[in-house]
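Colleague: If you read the sequence shown in this note's numbering, its first letter stands for residue 3, the second for the next number, and so on.
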Amino acid sequence: MPPPALTGGQIRKLAKNAAALAVGGIAAQAAFVLVEALVARRLSQELYGVFSTVFVLTYLSIWVVDSGIGWKLVQDGSRRAAEIPRLLGTALLLRTGIFLAFYPLAVGMVSLLGYDPRVLILFGIFYGYVLIMVVQDSLVSVYAAQQRMEVNALYQGLTPVVICLLAYFLVARDQSINTVAYAYLAGSGLVTAVWLGLTVRRVKPWVDFRGAPEILKGSYQYGLSGLLGYTFLRVDILLMSLLRDMAEVGIYAAAAKLLDLANKIPSLSARVVAPMLFQKSHEDPAAYRKICNAMLRVATGVAMAIGLSFNLLAEPLITFVFGEKYANAAIILQILGAAFALRFVSTALQTVLSTSDLHARRTKSIALATAVNIGFNLILIPLYGGIGAAISVILGNLVLISAFLFAARQPVDVGAALRGILIAAAWAGAAVIVARYVTPDPLLAWLLAISLFAAALAATGFINRKQVVRLVRGVMARQ
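(1) In whole angstroms, what separates the C-alpha of G417 from that of I423?
(2) Rounding to the nearest angstrom, what Cα-Cα distance links V35 and K259 in this structure?
(3) Output needed for L459: all residues of its chain with C-beta closer than 8 angstroms, excluding positions within five of it in sequence on either side, in chain order.
(4) Enumerated in chain order, which unbroken segments of the alpha helix (DSSP H) with a length of 4 residues or greater are wholly contained in the region 173-261?
(5) Report yes if the CB atom of G159 is closer than 7 angstroms to the CB atom of A32, and no otherwise.
(6) Does the distance from the C-beta atom of L244 to that of P444 stay below 7 angstroms?
(7) What does the alpha-carbon distance come out to for the pair Y184 and S221?
(8) For Q149, report the span of its alpha helix (DSSP H) as first-last.
(9) I'd like the list of long-range same chain contacts for P4, defined as Cβ closer than 8 angstroms, with 5 residues on each side in sequence excluded.
(10) Would A343 pass as a contact of G398 if the rule is Cβ separation under 7 angstroms?
(11) Using the Cβ count rule (16 or more neighbours within 10 Å means buried), how would you classify F57?
(12) For the alpha helix (DSSP H) that A329 lies in, which residues bound it at each end?
(13) Which residue spans inside the region 374-414 form an unbroken beta strand (DSSP E) run of at least 3?
(14) Which residues in the same chain as L141 place their Cβ atom closer than 6 angstroms to its Cβ, once the five residues preceding and following it in sequence are excluded?
(15) Give the C-beta separation of V41 and V182 to the nearest angstrom, bearing in mind that I take them to be a contact with Cβ-Cβ under 8 angstroms.
(16) Assuming V109 and G130 are in contact, meaning their beta carbons sit under 8 angstroms apart, how far apart are those beta carbons, in whole angstroms?
(17) Is it the case that the Cβ atoms of R43 and G325 are separated by a distance below 7 angstroms?
(18) Which value, in whole angstroms, describes the spacing of the CA atoms of G79 and A288?
(19) When DSSP labels each residue in this structure, what does D118 get in the three-state scheme?
(20) Quick check: the Cα distance between G72 and I86, rounded to an integer number of angstroms?
(21) What separation, rounded to the nearest whole angstrom, lies between the Cα atoms of T462 and A296?
(22) According to DSSP, is P442 helix, strand or coil?
(23) Answer yes or no: do V484 and A155 have a C-beta to C-beta separation smaller than 7 angstroms?
(24) Count the other CB atoms, across all protein chains shown, that sit within 10 Å of the CB of R82; report buried if there are 16 or more and exposed otherwise.
(25) Can you tell me whether T357 is buried or exposed, with buried defined as 16 or more other CB within 10 angstroms of its CB?
(26) Whose CA, out of F280, L407, G252 and L107, lies closest to the CA of R421?
(27) Going by the CB atoms, is the gap between L90 and V136 shorter than 7 angstroms?
(28) Could you check the C-alpha separation between A307 and L335 for me, to the nearest Å?
(29) For T372 and L226, which I take to be in contact (beta-carbon distance under 8 angstroms), what is that distance rounded to the nearest angstrom?
(30) Check this for me: beta carbons of A409 and L355, under 7 angstroms apart or not?
(31) If I'm right that G70 touches Q223 with Cβ under 8 angstroms, what's the distance once you round it to whole angstroms?
(32) Taking Y328 and I337 to be in contact with their CB atoms under 8 angstroms, please state how far apart those CB atoms are, rounded to whole angstroms.
(33) Where does S311 sit, in a helix, a strand or coil, going by DSSP?
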C-alpha cells in the first residue's frame with residue numbers, strides 16, 4: 003500500500019524543521035567561524051594555532067564525557083517518549099560525574115604528550131566548556147527525539163552569537179588568548195543555563211540510579227564510535243601541533259575551520275532523520291531499507307556539490323574570512339573540499355549503521371579507519387606539512403567509506419551506493435575541470451560548475467523525485 007500523500011500540516015512541519023536545521027546548524031557554525039576569524043585576525047598565526055589545538059582537545063574531551071549517552075537518549079526517547087524524563091535526569095548526573103573524574107586524566111595526558119606549554123594552560127581554563135556542551139547536548143537530544151528542531155535551533159543558534167559578542171568586546175580590550183576562553187565559558191554558560199531551566203520545568207527529569215548501568219551499557223558503543231570518529235576527523239590538527247610549528251598549525255586550522263561550516267550539514271541531517279530511522283528499522287524493515295538507499299543517494303549528490311564549491315571558492319573564502327595572511331590556506335581548503343564530500347557520505351552510512359543497531363560493526367569500522375588515518379598523517383605531515391595532512395584526510399575517508407559499505411551490506415544496496423559515489427564524483431570532477439578551463443574567475447567558475455553538475459544529475463536521473471519523496475515521507479511519518 004503506497005504511503006499517504008503529504009498533508010498541508012506535514013509540509014509546514016517539514017518546512018519548519020528544514021528552517022530549524024539551517025538556523026540552528028549552519029547559522030550557528032557561521033557564528034563560531036566569526037569568533038575564530040576574530041581570534042585569527044587579532045592574534046598571530048601562532049596563537050591561533052594554539053587556540054585551534056586547545057579547541058580540538060576540548061571537543062575530544064567532550065566526546066569522552068558524552069560517552070554516547072546523547073544518542074542513547076535519542077534512540078530510546080524516539081521509540082518511547084515516556085522514557086525521556088528518566089533518561090534526561092540520569093544522563094545529566096552520569097555526564098557530570100564523568101566530567102569531574104576525567105579532568106585530571108585529560109590535563110595529565112596533554113602534559114605527557116609534550117604539547118606546547120601554552121596549550122596546557124589554555125586547556126586547563128577551557129575544560130569548563132566541556133561540561134557546558136555535554137549539558138547542552140543532553141537538551142539537544144531531548145528535542146531531537148521529540149522532533150522539535152526549532153527549539154534546538156533557537157538555543158544552538160543563540161550560543162555562538164553570545165560568545166561572538168563577548169569575544170569581540172573582551173578581545174578588543176585585552177588581546178590575550180585566555181580572554182577568548184573566558185568569552186566561550188561565559189557566553190555558552192549563560193545560554194545553556196536558561197535552556198536547562200526551561201527544559202527542567204517542562205520535562206521534569208528524574209534520576210534512575212538503578213537504571214544508570216543500563217544506560218551506560220546501551221550507550222558506550224555510541225560513545226566509542228563518537229570518540230573514534232572525532233579522533234579520525236581531527237587527528238590532523240592533533241598531530242600537526244606535535245610535528246610542525248604552531249604558525250603552520252594556524253594556517254591549516256583556518257582551512258579546516260571553514261570546512262566545519264559545511265560539516266554541520268551531515269551531522270545535523272543525521273539528527274533530523276535518525277529518530278524516524280530508529281523507528282522504521284523496528285516497525286517496517288522493508289520501508290527502512292528503501293529510505294536508507296534514498297538517503298544515501300541524496301546525500302551523495304549534495305556532498306559532491308558542496309565539495310566542488312569549496313574547491314572553486316577556496317581562495318576568496320579564506321582571504322575574506324581570515325585575511326590575506328592566511329592566503330596559503332587556500333590550497334589546503336581545495337583538497338579538503340574533496341574530503342568533505344567523502345565525509346558527508348560516510349556520515350550518512352554511519353547513521354544507517356546506528357539505526358540498524360549494528361553498533362559493533364560501526365565501531366570496528368571507525369577504529370580501523372582511525373588507525374589507518376593516524377598512519378597516513380604520521381607519514382605525510384613531516385614530509386608535506388598541511389598539504390600532507392589534507393591528503394591524509396581524503397585517504398582516511400576513502401578507507402572509512404569502504405569499511406562502512408561492507409558493514410552496512412544488509413540494509414544498504416552496496417553496489418548501487420558505490421556506483422552513485424563514483425558517478426557523482428566523476429561528474430563533479432568534470433564540472434570543476436571544465437569551469438576552470440572556461441574562466442579564471444572563481445565565482446563564475448563556481449556558477450558554471452554547479453550548473454553543469456546539476457544538469458548532469460538531472461539528465462541521468464541520479465536523484466529522482468521518487469527518491470526525494472520517499473525520504474520526505476519517511477521523515478513526515480515520524481512527525
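Just so it is clear, CB atoms sit at the ideal spot from N, CA and C, and this is done for glycine as well.
Modeller: Per the coordinate set shown:
(1) Residue numbering aside, residue 417 sits at position 415 when the sequence shown is read from its first letter. Residue numbering aside, residue 423 sits at position 421 when the sequence shown is read from its first letter. Annotation: G417 to I423 spans about 10 angstroms, alpha carbon to alpha carbon.
(2) Start at 1 with the first residue of the sequence shown, and residue 35 comes out as number 33. Start at 1 with the first residue of the sequence shown, and residue 259 comes out as number 257. One C-alpha to the other measures close to 7 angstroms.
(3) One-based indexing of the sequence shown puts residue 459 at position 457. Taken in chain order, the residues that qualify are G303, A426, W429 and I465.
(4) For the region 173-261, whole alpha helix (DSSP H) runs of length 4 or above, ordered along the chain, are 179-205 and 214-245.
(5) Here residue 159 refers to the residue found at position 157 of the sequence shown. Here residue 32 refers to the residue found at position 30 of the sequence shown. No, they are not a contact pair.
(6) One-based indexing of the sequence shown puts residue 244 at position 242. One-based indexing of the sequence shown puts residue 444 at position 442. No, the pair does not count as a contact, with Cβ atoms beyond the cut-off.
(7) Position 182 of the sequence shown, counted from the start, is the residue given in the question as residue 184. Position 219 of the sequence shown, counted from the start, is the residue given in the question as residue 221. Distance between the alpha carbons of Y184 and S221 is about 32 angstroms.
(8) Working through the sequence shown from its first residue, we reach residue 149 at position 147. Note, Q149: premise wrong, no alpha helix (DSSP H); not H, not E.
(9) Within the sequence shown, numbered from 1, the residue matching residue 4 stands at position 2. Low local confidence applies: a pLDDT of 42 at P4 is under 50, so the model's placement there is unreliable, with the coordinate-based value given in what follows. Excluding its 5 nearest sequence neighbours in each direction, P4 has no C-beta neighbour in its own chain below 8 angstroms.
(10) Counting from 1 along the sequence shown, the entry for residue 343 is found at position 341. Counting from 1 along the sequence shown, the entry for residue 398 is found at position 396. In terms of Cβ geometry, A343 and G398 do not form a close pair [threshold 7 angstroms].
(11) Taking the sequence shown and counting its residues from 1, one reaches residue 57 at position 55. By the neighbour-count criterion, in which 16 or more other beta carbons inside 10 Å mark a residue as buried, F57 falls on the buried side.
(12) Mapped onto the sequence shown, residue 329 falls at position 327. Looking at the DSSP string, A329 is not in any alpha helix (DSSP H), and its letter there is neither H nor E.
(13) List check, beta strand (DSSP E) in window: nothing returned.
(14) Along the sequence shown, read from residue 1 onward, the residue named residue 141 stands at position 139. Shown here for L141: same chain residues with a beta carbon closer than 6 angstroms to its own, the five before and five after excluded, namely W197 and T201 in chain order.
(15) Against the sequence shown, residue 41 aligns to sequence position 39. Against the sequence shown, residue 182 aligns to sequence position 180. Confirmed, about 6 angstroms.
(16) Locating residue 109 in the sequence shown gives position 107, where the first residue counts as 1. Locating residue 130 in the sequence shown gives position 128, where the first residue counts as 1. Their Cβ separation, rounded to whole angstroms, is 13 angstroms, which puts V109 and G130 out of contact at 8 angstroms.
(17) Indexing the sequence shown from 1 puts residue 43 at position 41. Indexing the sequence shown from 1 puts residue 325 at position 323. The answer is yes: Cβ separation under 7 angstroms.
(18) Stepping through the sequence shown from its first residue, residue 79 is reached at position 77. Stepping through the sequence shown from its first residue, residue 288 is reached at position 286. Near 23 angstroms, if we compare the C-alpha coordinates of A288 and G79.
(19) Within the sequence shown, the letter at position 116 stands for residue 118. Of the three classes helix, strand and coil, the one that applies to D118 here is coil, per DSSP.
(20) To locate residue 72, count along the sequence shown from 1; it is residue 70. To locate residue 86, count along the sequence shown from 1; it is residue 84. Pairing G72 with I86, the inter-Cα distance amounts to about 11 angstroms.
(21) What you label residue 462 is simply residue 460 of the sequence shown in a count that begins at 1. What you label residue 296 is simply residue 294 of the sequence shown in a count that begins at 1. A direct Cα-Cα distance of roughly 16 angstroms separates T462 from A296.
(22) Counted from its first residue, the sequence shown places residue 442 at position 440. Three-state result, P442: coil.
(23) Only positions 3 to 481 of the chain appear in this structure, which leaves residue 484 out of reach.
(24) Sequence index remark: in the sequence shown, residue 82 carries index 80 (1-based). Exposed.
(25) If you number the sequence shown from 1, residue 357 lands on position 355. So T357 counts as buried.
(26) Within the sequence shown, the letter at position 419 stands for residue 421. Here the closest residue by C-alpha is L407.
(27) As a working mapping, residue 136 is identified with position 134 in the sequence shown. As a working mapping, residue 90 is identified with position 88 in the sequence shown. It is not a contact, given that the beta carbons lie outside the stated cut-off.
(28) On the sequence shown, position 305 is the one that residue 307 refers to. On the sequence shown, position 333 is the one that residue 335 refers to. In this structure, the alpha-carbon of A307 lies about 15 angstroms from that of L335.
(29) Stepping through the sequence shown from its first residue, residue 372 is reached at position 370. Stepping through the sequence shown from its first residue, residue 226 is reached at position 224. Going by Cβ atoms, the distance from T372 to L226 rounds to 11 angstroms, so no, they are not a contact pair.
(30) By 1-based counting over the sequence shown, the position of residue 409 is 407. By 1-based counting over the sequence shown, the position of residue 355 is 353. A contact, by the Cβ cut-off of 7 angstroms.
(31) Along the sequence shown, read from residue 1 onward, the residue named residue 70 stands at position 68. Along the sequence shown, read from residue 1 onward, the residue named residue 223 stands at position 221. Confirmed, about 7 angstroms.
(32) In the sequence shown, residue 328 corresponds to position 326, counting from 1. In the sequence shown, residue 337 corresponds to position 335, counting from 1. Contact between Y328 and I337 fails: their C-beta atoms lie close to 16 angstroms from each other, not under 8 angstroms.
(33) In the sequence shown, counting from the first residue as 1, residue 311 sits at position 309. When secondary structure is reduced to three states using DSSP, S311 falls in the helix class.
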